[in-house]
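**Student:**
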Amino acid sequence: GAVVSQHPSRVICKSGTSVKIECRSLDFQATTMFWYRQFPKKSLMLMATSNEGSKATYEQGVEKDKFLINHASLTLSTLTVTSAHPEDSSFYICSASGGAEYGYTFGSGTRLTVV
Amino acid sequence: LAKTTQPISMDSYEGQEVNITCSHNNIATNDYITWYQQFPSQGPRFIIQGYKTKVTNEVASLFIPADRKSSTLSLPRVSLSDTAVYYCLVGGGSARQLTFGSGTQLTVLP
Chain A
1 GAVVSQHPSR VICKSGTSVK IECRSLDFQA TTMFWYRQFP KKSLMLMATS NEGSKATYEQ
61 GVEKDKFLIN HASLTLSTLT VTSAHPEDSS FYICSASGGA EYGYTFGSGT RLTVV
Chain B
116 LAKTTQPISM DSYEGQEVNI TCSHNNIATN DYITWYQQFP SQGPRFIIQG YKTKVTNEVA
176 SLFIPADRKS STLSLPRVSL SDTAVYYCLV GGGSARQLTF GSGTQLTVLP
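One line per chain: the protein sequences are A and B, in this order. When we follow the numbering used here, the leftmost residue of the first sequence carries the number 1, and every step to the right adds one. When we follow the numbering used here, the leftmost residue of the second sequence carries the number 116, and every step to the right adds one.
(1) Of all Cβ atoms in chain B, is any one closer than 7 Å to the Cβ of Ser18/A?
(2) Going by beta carbon distance, what residues of the same chain come within less than 6 Å of Tyr147/B, once the five residues before and after it are set aside?
(3) In the DSSP assignment, find the beta strand (DSSP E) that holds Gly16/A and state where it starts and stops.
(4) Which whole-angstrom value is the C-beta distance of Gly216/B and Ser108/A, which I expect to be below 8 Å?
(5) How would you call Ser25/A, buried or exposed, if buried means at least 16 neighbouring beta carbons within 10 angstroms?
(6) CB Ala84/A to CB Val115/A, shorter than 7 Å?
(7) Can you give the Cα-Cα distance for His71/A and Phe161/B, rounded to whole angstroms?
(8) Out of Glu59/A, Asn51/A, Thr57/A, Leu112/A, point me to the one whose CA is closest to Val81/A's CA.
(9) Tell me which residues share the same chain as Ser9/A and place their Cβ nearer than 8 Å to its Cβ, disregarding the 5 neighbours each side in the sequence.
(10) Across which residues does DSSP place Asp126/B in a beta bridge pair?
(11) So, using beta-carbon positions, are Val200/B and Gln220/B closer together than 7 Å?
Shown next, in the form of structure tokens:
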């Protein structure tokens with residue numbers, strides 16, 4: 001149990017375009033999901049907390065207008081990288097909690113490359 | 116937020132037991148200790164979680180001393196496929212409190 005599905009696994013986009021990443025909890029409901037970013041050889045950095053039915057909470061230094069988060073249902077959160085630039089190229093990972101016994105389950109990640 | 120300190124890297128050989136220790140001196144009373152494994156270009160995978168003493172599951176054991184200021188992840192008889200980064204996280208129930216440290220790169224050699 002406690003499976004989180006993330007799509008796409010990798011995407012290449014042109015500079016200036018927007019990219020949407022989906023995060024779904026497959027066998028549980030998640031009122032809260034979390035988005036991380038990870039640069040090569042670095043650790044995960046929490047970007048924002050996605051709250052179902054309300055606004056996301058962003059970590060300090062994360063631009064809310066650039067990284068749009070929508071959590072419209074109990075099983076789906078989306079992260080849209082707007083007007084992407086090469087410096088936004090990174091590995092984006094979502095997570096949710098399926099219960100205390102499972103800890104926080106992470107998606108498989110999305111490799112974004114902006115060219 | 117409780118900060119964690121782990122060795123940057125460790126090497127081991129196949130079949131050996133590996134122990135990775137994490138320091139978390141300012142752990143709070145309601146904080147749990149959770150370990151994750153991450154392979155390149157994949158999301159972290161939950162390994163084990165504990166609050167005190169010893170926890171064991173089918174893949175690892177977690178040892179936590181009485182003062183809870185450190186914890187040790189024990190991997191029995193590692194194989195090449197255990198080569199990964201291992202993260203120790205300390206938190207009390209909100210991912211905002213789950214801060215990823217630098218992790219430990221474990222390399223298992225043949």
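Beta carbons: idealized from backbone N, C-alpha and C, even for Gly.
**Tutor:** Quick answer:
(1) no
(2) Gln164, Tyr166
(3) No beta strand (DSSP E) contains Gly16/A, which DSSP labels as neither H nor E.
(4) Contact doesn't hold; Cβ gap of about 22 Å is too wide.
(5) Looking at its Cβ environment, which holds 16 or more other Cβ atoms inside 10 Å, Ser25/A is buried.
(6) no
(7) 24 Å
(8) Nearest C-alpha to Val81/A: Leu112/A.
(9) Ser108, Gly109, Thr110, Arg111
(10) Thr222/B
(11) yes
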